[in-house]
Amino acid sequence: MAEWFLYLPQSRMGVDDLVQRARAAEASGFDGVAFLDHVETPMAPDMPIWEAMTVATWVAAHTERLRIGHLVLCDAFRRPALLAKQAVTLAEASGGRFELGLGAGSMPDELAKFEFGTASAVQRVEALGTTLAKIKRYWGQTEGPEPVQVPTPSHPIPVLLAGTGPRMLKLVAEHADWWNLPATKVNELARYLPAIGAARPSVQQMVAFVRAGDDRDAVIDKGRRRFGHLGPGFVGGGADELLAYFAGLEQAGAQRFYVWFADFAAVESIEEFGATVVARAC
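First residue of the sequence shown? That's 328 in our numbering, and the numbers climb one at a time after it.
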């Protein structure tokens, strides 16, 4: 049975709005919530955005059941020793609900602008591999030159990696519990499954959800204007249509869905989607 996460970029809204949406997701049957990790909002640098680990901690403190994660933390933003300590602390504080989602960084201009370096894509993936190996040693899971940090995790901390390049997929097979396929490639899931080893596959999906009583064409057209650039990663429709669509993704191998709402996760959409799609899919 597939899991359902709300993908909730922490831009365009206040921190209280994020908590409200996370609580709505928890009450509506979602399994978790995931945030993004950028210093400025992608494609909208003038739009305010909140720091990823702080937001995750705050939302964890205001929920009881939801698992908390990211799509994904940028490796270059944090030193491995600090990230290992942050992950253990949040996992402990949340009762084991934190998952460590990591990526190599998707916006080199942002990295350069805020002095996180000018490494190439290949160099960033290599650095991510080093980070993953060090974190395991800091957690006392493998042997190496790094000292074991105290305390070590008292709860398992699942590792999620995102990306589709061959070097990244090699890291997925070696280190990851979960692997996420970005929305733009959701129709290529079967192509990548042989390369991810024992990692469990998830997909990110933008949804223009037509609630009961909505004008179907208007909702889908508005969503497409905003997010049509995602290509196959954008889908619109009512509950029955989306239920069938996600069932198809599950049959293709997806074990988790990161649902990204085109209306910026209106509480009413979260609640109705939970009642008419998530509940019926379980």
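Backbone N, C-alpha and C fix where the C-beta goes; we use that ideal spot for every residue, glycine too.
{"Item": "Beta strand (DSSP E) segment containing W385, residue limits", "Value": "From DSSP, W385 is part of no beta strand (DSSP E) but of the alpha helix (DSSP H) over A379 to A388."}
{"Item": "Counterpart residues of W466 in DSSP-defined beta bridges", "Value": "Looking at the DSSP assignment, W466 forms no beta bridge with any residue, so it has no partner."}
{"Item": "Reference E330, options R394, P372, G444 and L363, closest by Cα", "Value": "R394"}
{"Item": "C-alpha gap between Q468 and T479, whole angstroms", "Value": "9 Å"}
{"Item": "Reduced DSSP category for V586 - H, G, I as helix; E, B as strand; rest coil", "Value": "strand"}
{"Item": "Which of helix, strand or coil DSSP assigns to M495", "Value": "helix"}
{"Item": "Stretch pair the segment 365-378 + the segment 436-450: three plus CB contacts closer than 8 Å", "Value": "yes"}
{"Item": "Distance CB(R405)-CB(G432) smaller than 7 Å", "Value": "no"}
{"Item": "Proximity of L487 and W505 at Cβ, strictly below 7 Å", "Value": "yes"}
{"Item": "Beta-carbon spacing of Y334, A361 below 7 Å", "Value": "yes"}
{"Item": "Pick from D567, A581 and E599 that is closest to V530, judged by C-alpha positions", "Value": "A581"}
{"Item": "Validate contact between the segment 453-464 and the segment 511-518 using beta carbons, cut 8 Å, 3 pairs", "Value": "no"}
{"Item": "Contact under 7 Å by Cβ, A589 with R538", "Value": "no"}
{"Item": "Exposed unless 16 or more other CB atoms sit within 10 angstroms - verdict on D640", "Value": "What is shown of the chain runs 328 to 609, which leaves residue 640 out entirely."}
{"Item": "Environment of A571 [buried if 16+ CB atoms lie within 10 Å]", "Value": "exposed"}
{"Item": "A566 and T603 closer than 7 Å at C-beta", "Value": "yes"}
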